[in-house]
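Undergrad:
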Amino acid sequence: MDRLYKPHFLQHVKQAMANRFPDFVQHSVPRDHPQRELFSGDLLYRAPVSTCATVWLRWVPGPGVERYFNVYLGWSPAPNHLPQHHTQDFRLYSLSAPSPEFAAASLDLEQIEGKAAIGGITIPSPWDQILTVKAAAPRREQQAIQNKAFAEAQTLSDADRASAVATTIDDVCKRVQAQLPAFTDHLRAIRHGA
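Numbered by the working numbering, the letters in the sequence shown go through residues 32 to 225 in order.
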């Protein structure tokens, strides 16, 4: 994630998790865990659903200098079992809730919401206006919008970036809160039905 946004992202996610999701505790993957690499860089939280089910919330920052991130809801049979299916299984992409076919897995929030395309959640910035210019626009128009975006991005303060992150995290938390009860109820039902 972009180095100017990442500290705000980490701070606001941790703050939001403490305030909005108090049942979730942050989980650190042990150094010797075979799946550690899959969760490297993630903010991983878990909450018990029952004695045989754990629900997970994963915040995954985008790579490099991007300003996007993904959020996943996952499940597993126990707190020491990470929310990851042991092999890549394309059936996971058709799910919108936990399935008894998988002991553990994670689903992207956008997938759970039923969106057709999963592109991640972008923290807004002046650079976004570049995406509004059509590819076939004259070079002069493309250059003008790039110069405008650059000038506006240069004037952003740290407080402006923090505000953009806070607003985005707040929106995502509302979306998670809208999905979490049904997701957890479904997990509870399949675990008790098993």
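We put the CB at the ideal spot given by N, CA and C, even for glycine.
For clarity, every value in this text was computed on a predicted model and none was experimentally measured.
Mind checking which residues open and close the alpha helix (DSSP H) that includes Asn-50?
TA: The residue given as residue 50 occupies position 19 in the sequence shown. Asn-50 -> alpha helix (DSSP H) spans 37-51.
Undergrad: Considering only the alpha carbon of each residue, which of Ser-71, Val-56, Gln-57 lies closest to Asp-63?
TA: If you number the sequence shown from 1, residue 63 lands on position 32. Of Ser-71, Val-56, Gln-57, the residue nearest in Cα terms is Ser-71.
Undergrad: Mind reading off the beta-carbon distance from Gly-151 to Tyr-99? Whole number of angstroms is fine, and I expect it under 8 Å.
TA: For the purposes of this step, residue 151 is taken as the residue at position 120 of the sequence shown. For the purposes of this step, residue 99 is taken as the residue at position 68 of the sequence shown. 4 Å between Cβ atoms; contact.
Undergrad: Give the DSSP-derived three-state secondary structure of Ile-149 in the structure shown.
TA: Position 118 of the sequence shown holds residue 149. Note: Ile-149 maps to coil in three-state DSSP.
Undergrad: Which parts of the segment 117-179 are runs of the alpha helix (DSSP H), unbroken and 4 residues or longer, counting only runs that do not cross its ends?
TA: Listed in chain order, they are 140-143.
Undergrad: Could I get the ranges of all uninterrupted beta strand (DSSP E) runs contained in the segment 50-90, with 3 residues as the minimum, in chain order?
TA: Counting only runs of 3 or more, we get 74-81.
Undergrad: Helix, strand or coil for Leu-218 per DSSP?
TA: In the sequence shown, the residue the question calls residue 218 occupies position 187. Helix.
Undergrad: Run through DSSP, which three-state label would Pro-110 get?
TA: Looking up residue 110 in the sequence shown gives position 79. It is coil, neither helix nor strand.
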